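Below is one structure, written out as structure tokens, with a few remarks after it.
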Amino acid sequence: MDLKELFTGTKQLVGLDIGSSSLKLAEIVSTSHGHILNRFLQMPVPLGIIVDGVLEDASALSAIIKELFRNSGCKGKGIVISLSGSSVIVKKVTLAQMEEADLRDLIRDEAGKYLPFDNMDDVNYDFQILGDNEHNPSQMDIIIVAAKKTDVDGYLDAVTAAGLTVAIMDVDSFALETMYEANYAFEDNEIIVIVNIGANLTNINVIKGGMSIFTRDFNVAGNAITEGLQKKYHVSADEAERMKTEGVPGGEPGNMDLINAILDCADPICSEIERSIDYFRSTFGGDDIKHVYLSGGSSRVVGLKSHLSQRLNIETELINPLLKIEYNKKNIDTEKLDSIKTIGAVAIGLGLRKTGDK
Ligand SMILES: Nc1ncnc2c1ncn2[C@@H]1O[C@H](COP(=O)(O)OP(=O)(O)OP(=O)(O)O)[C@@H](O)[C@H]1O
Ligand SMILES: [Mg+2]
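With the first letter of the sequence shown counted as 1, position 252 gets the number 278 in our numbering; the numbers rise by one all the way through.
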């Protein structure tokens with residue numbers, strides 16, 4: 027790669043994944059040779075700031091965002107953030123073919139029909155036309171994304187107070203789709219599932235031919251494992267967290283009890299994943315799922331990958347958001363790569379977005 031190009035390449039917006047356990051920042055530079063991850067930073071978020079997907083303390087979050095950006099050296103002020111979990115609803119609907127302007131009016135007047143909100147005045151929404159309906163070409167498939175204004179405003183305020191501008195408000199599952207598209211080759215009809223298991227939230231995203239066709243988020247993830255260990259071993263939350271993330275060195279035989287206990291505590295997560303995939307299979311005609319890709323901090327639970335693979339009977343592997351995307355060795359420590367691959371999928375997907383995108 028030509029170094030000069032690194033500076034002349036288009037600097038896109040900076041992706042900021044606001045997770046309940048940590049913030050992840052990804053700055054991507056696009057060149058004629060492809061994308062380069064120029065910067066990646068993570069900063070912990072203390073407990074209590076985002077609880078069950080709800081922002082409880084916007085000013086504390088703002089201070090962390092500010093510090094993260096100061097440490098990052100990013101010059102751009104335009105950022106891309108995302109909503110997930112209960113704060114956002116993604117709904118696919120099929121309507122008669124019409125002009126976009128008419129569709130906009132129709133959705134304004136009738137969105138309440140499709141969305142579980144009592145008062146649409148309290149809701150921000152947007153839509154995108156996916157294309158002709160597969161079974162009936164006189165109809166088209168549309169995806170509606172909606173979020174309560176209060177939820178959106180909390181995050182906007184936190185970012186604005188940090189001196190930054192939200193250029194795009196995305197959704198976690200779409201960011202995963204963007205990241206997947208930039209890294210993986212796929213056939214038109216190929217179905218894969220990305221399962222992003224974080225601290226509070228697990229996000230399931232079924233992608234067919236590079237397009238998200240089914241998403242589901244649920245509030246059971248890594249925190250549930252920590253809580254389970256806390257109860258089982260009568261230890262503090264910090265101790266349980268340490269046992270979970272460090273207490274299993276290389277699968278030593280002596281530690282099989284702990285490994286099994288961790289997997290037991292992960293059972294509710296696995297069951298929900300299985301239920302969602304069963305639901306998808308029964309609703310969408312049981313098409314073959316080629317791969318499950320795991321992402322998120324909790325995808326590192328020892329034995330989880332093979333356990334899930336067996337339960338779902340689908341080949342399962344860890345996702346690699348840097349499969350095709352290069353990284354800037356001057357700014358990013360090679361030792362951090364494994365961690366970036368695990369926790370960086372959403373932030374990288376957000377960082378790939380350009381101004382003017384929809
Ligand atoms: N080696 C490890 N083994 C098991 N769990 C781990 C490991 N490393 C991190 N985790 C867990 O991963 C979770 C954090 O993952 P991630 O950064 O993807 O979540 P987040 O984006 O902050 O949260 P969310 O998206 O749920 O709000 C925590 O629950 C943490 O305990
Ligand atoms: Mg997350």
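Don't be surprised by glycine CBs; every beta carbon is placed ideally from N, CA and C. Please read all numbers here as calculations on a predicted model, not as lab measurements.
Of the other Cβ atoms in all chains shown, 16 or more fall within 10 Å of the Cβ of E53; this residue is therefore buried.
Close CB contacts of H317 within its chain, under the 6 Å cut and outside five residues either way in sequence, are with I218 and E341 (chain order). Out of V116, L51, A86 and V80, the CA that lies nearest to the CA of G102 is found in L51. Not a single heavy atom of ligand 1 lies less than 7 Å from the C-beta of K331.
The three-state reading of DSSP puts I91 in helix, counting H, G and I together. CA-to-CA, the gap between P72 and L129 works out to about 43 Å. Between L109 and A173, the C-beta spacing is below 8 Å. The DSSP assignment places 191-197, 217-223, 228-234 and 237-244 as complete runs of the beta strand (DSSP E) inside the region 168-249, in order along the chain (cut-off: 3 residues).
Its Cα nearest to that of T368, the residue G323 stands out among K139, T360, G323 and K356. When the Cα atoms are used, M269 and E213 turn out to be separated by approximately 41 Å. Each of N357, I75, M124 and I299 was checked against the Cα of H333, and the nearest Cα belongs to I299. The alpha carbon of V197 has as its nearest neighbour, out of N354, L349 and Y181, the alpha carbon of Y181. Contact between A247 and G224 holds, with the beta-carbon distance rounding to 5 Å and staying under 8 Å. Within the region 303-358, the alpha helix (DSSP H) runs of at least 4 residues that lie entirely inside it are, in chain order, 330-338. According to DSSP, residue pairing for S108 in a beta bridge involves D196. DSSP places L141 outside both helix and strand once states are collapsed to three, so it counts as coil.
Straight-line spacing of the CA atoms in K380 and I194 works out to 9 Å. The Cβ atoms of L39 and G99 lie no closer than 8 Å to each other.
If you check the CB distance, G235 and E207 do not come in under 8 Å. DSSP places S56 in the uninterrupted beta strand (DSSP E) bounded by S48 to T57.
Its Cα nearest to that of F95, the residue G41 stands out among S112, V80, D147 and G41. Short note on G99: C-beta not closer than 7 Å to any heavy atom of ligand 1. The set of residues with CB atoms less than 5 Å from any heavy atom of ligand 2 reads, in chain order, G45 and G224.
In this structure, L87 keeps its C-beta atom at 8 Å or more from the C-beta atom of A211. For K367, the enclosing alpha helix (DSSP H) begins and ends at L363 to I369. Taking one beta carbon from each stretch, the region 240-256 and the region 289-298 have 3 or more pairs nearer than 8 Å; the two touch.
Taking a C-beta distance under 8 Å as the contact criterion, I169 and F143 do not qualify as a contact pair.
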